[in-house]
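K.L.:
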Amino acid sequence: MTNDQQILDSLKDPSTKELAFRHLVSKYKERLYWHIRKIVLNHDDTDDVLQNTFIKIWNGIDSFRAESSLFTWLYRIATNESITFLNQRKRRTMTSLNDENQYLIDNLESDPYFDGDKWQMILQKAIATLPEKQRLVFNLKYFEEIKYEEMSKILETSVGALKASYHHAVKKVEEYVKSHETRIEP
Amino acid sequence: MYEKDHKEPDFMKRPPKNPFRTPDSYFESLEDRIMVNIKNTTKKKSSSSAIIRFLKPALGIAASITLVYMLAYNPINKFLQKGTAKTELTDTAGTDLLNNYSINLASIDDNSLINAIFTDETNIFAETNPDEFLAYLSTDMNDVEIYSEIQN
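Note that the protein sequences, when read in sequence, are chains Y and S.
Position one of the first sequence corresponds to residue 1 (the working numbering), numbered consecutively onward.
Position one of the second sequence corresponds to residue 187 (the working numbering), numbered consecutively onward.
Right under this line is the structure:
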């Protein structure tokens with residue numbers, strides 16, 4: 001049962017629903033995990049958000065109308081859950097936008113599961129300083145190589161707006177990396 | 187990777203690499219943990235739904251009582267308040283009238299009071315002879331003795 005349509009058909013039958021859902025989790029868990037991880041950065045937070053995402057998917061699978069692909073629908077839920085999680089953190093700590101970026105940078109620096117070198121740390125910090133929308137677009141395009149048309153369905157934004165966001169994000173990341181990579185010791 | 191009409195920035199010349207990792211065997215048990223979480227959430231949801239189902243009639247009755255209270259009590263209360271205000275107004279008027287009387291009574295001296303009492307009776311001074319009046323002035327009789335003398 002690897003085909004999305006087969007999974008969806010089996011999910012509609014109560015006798016095979018649980019097994020089909022296990023297949024769905026098995027198929028998409030890693031892609032969704034890495035998508036969420038790029039947004040919230042920390043492993044523990046990512047695990048929480050991923051669990052919530054799959055609970056939402058389980059509860060909402062009956063309302064899935066196949067107007068978009070299953071993958072797009074799953075990504076949209078994961079993205080919304082990640083943003084909701086960050087907003088909740090922001091409300092709890094009463095932080096401003098800049099503080100939210102600082103929260104992400106702190107998360108990054110304290111994450112024991114970060115294996116990158118100094119240059120990759122600079123790149124991740126540069127991405128963490130971007131506004132929310134630009135950060136999402138940059139990650140989806142740069143790391144996951146998702147097409148604008150697909151991204152447009154996930155983020156419910158026009159292709160033109162996404163291209164503009166990506167362009168601004170690239171400029172900002174470039175400036176940040178240039179100004180910080182000179183500090184890396186040879 | 188970057189748009190054709192833009193110059194590719196230097197950082198994009200490096201291949202994108204995922205710098206993150208997960209704890210060992212993290213993905214292996216993920217399905218089981220997710221299914222356990224889903225079952226726990228469903229149980230919590232159904233128990234909270236059962237509580238809501240149980241409380242629904244009670245909440246309905248409470249809401250109805252509140253509605254009736256709001257619709258009936260307030261108009262009745264306002265009506266009663268109006269009645270009380272009227273009674274208070276009447277009481278106040280009565281008290282004022284009494285006060286006015288008290289003031290009037292206080293301002294009347296003894297002679298005026300006697301005159302007022304005997305207004306409807308025969309004028310005692312009209313029948314009084316000037317000689318008797320002079321006799322009165324020359325005697326040491328008090329008011330009561332003079333009065334009884336005149337009446338007799």
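Every residue gets a Cβ at the ideal spot worked out from N, C-alpha and C, and that includes glycine.
Keep in mind the model is a prediction, meaning the values are calculated, not measured.
#1: What separation, rounded to the nearest whole angstrom, lies between the Cα atoms of Val25/Y and Leu32/Y?
#2: Which residues, taken in chain order from the segment 28-41 of chain Y, show a beta carbon closer than 9 Å to some beta carbon of chain S?
#3: Whole angstroms are fine: how far does the CA of Arg239/S sit from the CA of His43/Y?
#4: Please state the DSSP three-state secondary structure of Phe206/S.
#5: Taking the alpha carbon of Asp45/Y as the point to measure from, which residue in Pro131/Y, Ser10/Y, Tyr28/Y, Glu81/Y has its own alpha carbon closest?
#6: Given a limit of 7 Å on CB to CB distance, which residues of the segment 107-124 of chain Y reach chain S?
#7: Can you name the residues that DSSP bridges to Phe114/Y?
#8: Among the residues of its own chain, which have a CB less than 8 Å from the CB of Gly60/Y, if the five just before and after it don't count?
#9: When we look at the beta-carbon of Ile262/S and count the other beta-carbons within 10 Å, is it buried (16 or more) or exposed?
#10: Starting from the beta carbon of Gln51/Y, find every residue of chain S whose beta carbon is closer than 8 Å, and list them in chain order.
#11: Roughly how many whole angstroms lie between the Cα atoms of Glu217/S and Arg22/Y?
#12: In chain S, which residues lie less than 8 Å from Glu18/Y when you measure between Cβ atoms?
#13: Reducing DSSP to helix, strand and coil, say where Arg200/S ends up.
#14: Count Cβ pairs between the segment 175-184 of chain Y and the segment 153-167 of chain Y that sit closer than 8 Å; are there 3 or more?
P.N.:
On the basis of the data shown:
#1: Cα-Cα distance, rounded: 9 Å.
#2: Of all residues in the segment 28-41 of chain Y, the ones placed with a Cβ closer than 9 Å to any Cβ belonging to chain S are Lys29, Glu30, Tyr33, Trp34, Arg37, Lys38, Leu41, in chain order.
#3: A straight-line Cα-Cα distance of about 39 Å links His43/Y and Arg239/S.
#4: Note: Phe206/S maps to strand in three-state DSSP.
#5: Looking at Pro131/Y, Ser10/Y, Tyr28/Y, Glu81/Y, the one whose alpha-carbon comes closest to that of Asp45/Y is Glu81/Y.
#6: Taking 7 Å as the upper bound on Cβ-Cβ separation, chain S lies near residues Tyr113, Phe114, Asp115, Gly116, Gln120, Leu123, Gln124 of the segment 107-124 of chain Y.
#7: Partner(s): Phe206/S.
#8: Cβ within range, chain order: Ile77.
#9: By the neighbour-count criterion, in which 16 or more other beta carbons inside 10 Å mark a residue as buried, Ile262/S falls on the exposed side.
#10: Under the 8 Å cutoff, chain S gives Arg219, Ile220, Asn223.
#11: Near 6 Å, if we compare the C-alpha coordinates of Arg22/Y and Glu217/S.
#12: Ordered by position in chain S, the residues that pass the 8 Å Cβ test against Glu18/Y are Met221.
#13: Here Arg200/S sits in coil by DSSP.
#14: Contact between the segment 175-184 of chain Y and the segment 153-167 of chain Y is absent, because fewer than three Cβ pairs lie under 8 Å.
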